[in-house]
Amino acid sequence: MKTAAAVGRSVWGTQWFKFAGIKLIETKVWGKYSSNKGKITKITDYGCQVVKNLVLGKNVTVSKQSKAFTSSTATFKCKVRIERGAIKGMNWSTREGYQTLKANAGGKVTFNGWN
Numbered sequence: 009m010k011t012a013a014a015v016g017r018s019v020w021g022t023q024w025f026k027f028a029g030i031k032l033i034e035t036k037v038w039g040k041y042s043s044n045k046g047k048i049t050k051i052t053d054y055g056c057q058v059v060k061n062l063v064l065g066k067n068v069t070v071s072k073q074s075k076a077f078t079s080s081t082a083t084f085k086c087k088v089r090i091e092r093g094a095i096k097g098m099n100w101s102t103r104e105g106y107q108t109l110k111a112n113a114g115g116k117v118t119f120n121g122w123n
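Here it is, written out as structure tokens:
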């Protein structure tokens, strides 16, 4: 009798802020997980990164928030924080959001957005 081997999956998604059609800030969430017989079995790694920041006076940081899975969905979440101000620590405006990436057992991204 032959048993099915686990399959490694790798997914990613980017989000961005545009002005006049130009991507000024871009962030990325990625995840790795295993599936077997059409079901997710474990999350092996995930992370987030700032891909692009073309805006002077804005500090963009990302941090891991959570990872979770069911048999059918893997979810990866990162916090994105944008601080505006000429000097770090002397910010006059801060915005935060959560970039979330979801994928199915077959390795297809089913959601890539903010919440």
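All residue numbers for the sequence shown refer to our numbering, where the first residue is 9 and numbers rise by one.
Just so it is clear, CB atoms sit at the ideal spot from N, CA and C, and this is done for glycine as well.
Please read these numbers as outputs of a predicted model, since none were measured by experiment.
Asked, Found
"Please name the residue in Cys-86, Lys-87 and Trp-100 whose C-alpha comes closest to that of Lys-66.", "Trp-100"
"Would you kindly report the start and end of the unbroken beta strand (DSSP E) that includes Leu-64?", "Neither: Leu-64 is in no beta strand (DSSP E) and is coded neither H nor E."
"In the DSSP assignment, the beta strand (DSSP E) including Asn-44 goes from what residue to what residue?", "30 to 44"
"Closest by CA to Gly-46, which one among Trp-122, Gly-121 and Asn-112?", "Asn-112"
"Specify the secondary structure class of Trp-100 as computed by DSSP and reduced to three states.", "coil"
"Can you tell me which of Lys-60, Trp-122, Gln-23 and Phe-77 puts its alpha carbon nearest to the alpha carbon of Asp-53?", "Phe-77"
"Closer than 6 Å by C-beta to Lys-40: which residues in its own chain qualify, once you throw out the five before and the five after it? Chain order, please.", "Ser-18, Thr-52 and Asp-53"
"Per DSSP, what kind of secondary structure is Lys-75 in: helix, strand or coil?", "strand"
"Going by C-alpha distance, which of Leu-62, Phe-27 and Lys-110 is nearest Ser-79?", "Lys-110"
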